[in-house]
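Q:
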Ligand SMILES: Cc1cc2nc3c(=O)[nH]c(=O)nc-3n(C[C@H](O)[C@H](O)[C@H](O)COP(=O)(O)OP(=O)(O)OC[C@H]3O[C@@H](n4cnc5c(N)ncnc54)[C@H](O)[C@@H]3O)c2cc1C
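Residue numbers (the working numbering): 63 to 430.
1) Please report how far the alpha carbon of residue 323 lies from the alpha carbon of residue 97, in whole angstroms.
2) Could you pull the start and end residues of the alpha helix (DSSP H) that residue 193 belongs to?
3) Three or more C-beta pairs closer than 8 Å, one from the region 82-94 and one from the region 274-285: is that the case here?
4) In the region 261-315, which residue ranges form an unbroken beta strand (DSSP E) of at least 3 residues, counting only runs that do not cross its ends?
5) Only counting the same chain, and skipping five residues up and downstream in sequence, which positions put a Cβ closer than 8 Å to that of residue 354?
6) Applying the criterion that 16 or more other CB atoms from any shown protein chain within 10 Å of the CB defines a buried residue, is residue 163 buried or exposed?
7) Taking the DSSP output, what are the residues bridged to residue 239?
8) If you follow the beta strand (DSSP E) that residue 360 is in, where does it begin and where does it stop?
9) Closest to residue 329 by CA distance: which of 367, 359, 422 is it?
10) Buried or exposed for residue 416, going by 16 or more other Cβ atoms inside 10 Å?
11) Going along the chain, which residues of its own chain have a beta-carbon closer than 6 Å to the beta-carbon of residue 26, five neighbours each way excluded?
12) Comparing C-alpha positions only, which one of 63, 350, 68 sits nearest to residue 251?
13) So which of 386, 107, 357 has the shortest CA-CA distance to residue 210?
14) Is it buried or exposed for residue 335, if we count other Cβ within 10 angstroms and need 16 for buried?
15) Considering just the uninterrupted stretch of the alpha helix (DSSP H) at residue 450, what are its terminal residues?
16) How long is the line joining the alpha carbons of residue 383 and residue 412, rounded to whole angstroms?
17) Over the uninterrupted beta strand (DSSP E) stretch that includes residue 138, give me the two end residues.
18) Taking only three categories from DSSP, how would you classify residue 409?
19) Determine the burial state of residue 271: buried for a count of at least 16 other Cβ atoms within 10 Å of its Cβ, exposed for fewer.
20) Check the DSSP bridge columns for residue 155 and list the partner residues they point to.
21) With DSSP as the reference, identify every bridge partner of residue 337, one or two as the case may be.
22) Short check: CB of residue 364 to CB of residue 390, under 9 Å?
23) What would DSSP say about residue 169, mapped onto helix, strand or coil?
24) Any heavy atom of ligand 1 within a distance shorter than 8 Å of the CB on residue 268?
25) Would residue 424 pass as a contact of residue 118 if the rule is Cβ separation under 9 Å?
26) Under the three-state reduction of DSSP, which class applies to residue 114: helix, strand or coil?
27) If I follow the unbroken beta strand (DSSP E) through residue 204, where does it start and stop?
28) Under the three-state reduction of DSSP, which class applies to residue 98: helix, strand or coil?
29) My output table needs one value for residue 397: the three-state DSSP class, helix, strand or coil.
30) Quick check on DSSP: helix, strand or coil for residue 347?
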C-alpha cells in the first residue's frame, strides 16, 4: 500500500511519520503556502489549562499533550534533536480574581489525574515575577511544571525528515484531486498522476479547495492569526515558562532572547496576508498589559498564519464516507500544535485499519 499525504503541516507531517514508522510507503506533497499555520504557530503545549469542557474531547486533547514525551523521544532517537522543545513549565494567571479562582479550580481538577503535569504550585506575585521577570506586578500565578513549548516549524520539518529517512518520498508540489473511474486520483502540479492507493488530505485552511472538485463540501475555513516576535536584547529568556493569562493572548520565549506574543483570532479573514495596524495594536497592547517589562523590546517580525477552523473546536479526521481510499485530517484550529501529532497518529492508525487508542467516531468527516 502507498499513501499520498497532501500537506506537511502539523497534521500531515505526523500522519506521514507515523505511517512510515509502521513500514507503510508514503508520498508527501506539500505546496508550502505562505500562511501555513504550522509556520506561525506559537508552540504552547499545556493541555491542563484549556477551557475545553467536553469530557471526551478533553481526554483526547490531554492525550495529545502526553504524547509529546513519546514523540520527542522517538525523534531524538532518530537523530532529530533540534526541535525547540523544552518543558519550561506554564504560568497561569489572570487579572480578574474570579477568573483566576476558576482557572485554579479547573487546573486542580485536571492535574489530579495527570502526574505528567508535575507538582502544581500557587506562586506569590514575587515568585511569579522571579520566573517571568517582565510580568506585571501584583499577580499571583499557578505554576504547572509539565507545560512545554516547541518550535512547530522545526518539529514538523523533523517529522518529515524522519519519515523520509524511513523511506517516504517528499515533494514540494501542488496536489489536485479528481474522480476517475470511480476512484479518487491525485495529480501533481504538472498534471501527472501521483501513484497511491490511499489519499490523506491534510491541507489545513486550504483543504476545502482540494476537496471541492470531488463535490465534497468541507467545513474548514481560514482563521487569520497575527503573532509578534520580540527580542529582549541581552536577556536570557530560554527557560522562562509559557505565560497564560487566561485570555486569547499568551506569551512564550525561545533561546535567542526571543519573546513571542500571540495572537489575533480573525474569523472570516479569508487568505488576507496583510500585517494590519489593528492586529499589531491588539497583540502589543495585550502583551504589554500583562508584561509591562516588554515596552523596550525590539519588534523582530510578525508572522501570519491561517488556523484551519472548523465549525466547532474539535478536529475532523477519518475516512470520508462513501469515497474509497480518501481520508481527511483537519480542523486543528488554535490547538494544532498540542493535538496535531497525536491526531496524526490516530489518523495513521485509521488509514491502516488498526484500532485506535481512543474513540474517534465523533471526529469523522461528513461526505456532504
Ligand atoms: C498565530 C498562531 C498561533 C498558534 N499557536 C498555537 C499554540 O501555541 N499551540 C497550539 O497547539 N496550536 C497553535 N496554533 C494552531 C496550530 O498552529 C495549527 O492548528 C496547526 O499548525 C495546523 O496544522 P495543519 O497541518 O492542519 O495545517 P497547516 O500547518 O496550515 O498545513 C497545511 C499544509 O497543506 C499544504 N497544502 C494545502 N493545499 C495543498 C495542495 N493543494 N497541495 C499540496 N499542499 C497543500 C499547505 O501548503 C500547508 O503546508 C497556532 C496557530 C496560529 C496561526
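Positions of the beta carbon are idealized from the N, C-alpha and C atoms, including for glycine.
A: If we stick to the structure as given:
1) 17 Å
2) 187-193
3) no
4) 283-293, 304-306
5) 196, 198
6) exposed
7) 248
8) 360-371
9) 367
10) exposed
11) Because the chain in this structure spans residues 63 to 430, residue 26 falls outside the shown range and cannot be described.
12) 68
13) 107
14) exposed
15) In this structure the chain extends from 63 to 430, so residue 450 is not present and cannot be described.
16) 13 Å
17) Element bounds for residue 138: not the beta strand (DSSP E) but the alpha helix (DSSP H), 117-139.
18) helix
19) exposed
20) According to DSSP, residue 155 bridges with nothing at all.
21) For residue 337, which the question treats as bridged, DSSP gives no partner whatsoever.
22) no
23) helix
24) yes
25) yes
26) coil
27) 203-206
28) strand
29) helix
30) helix
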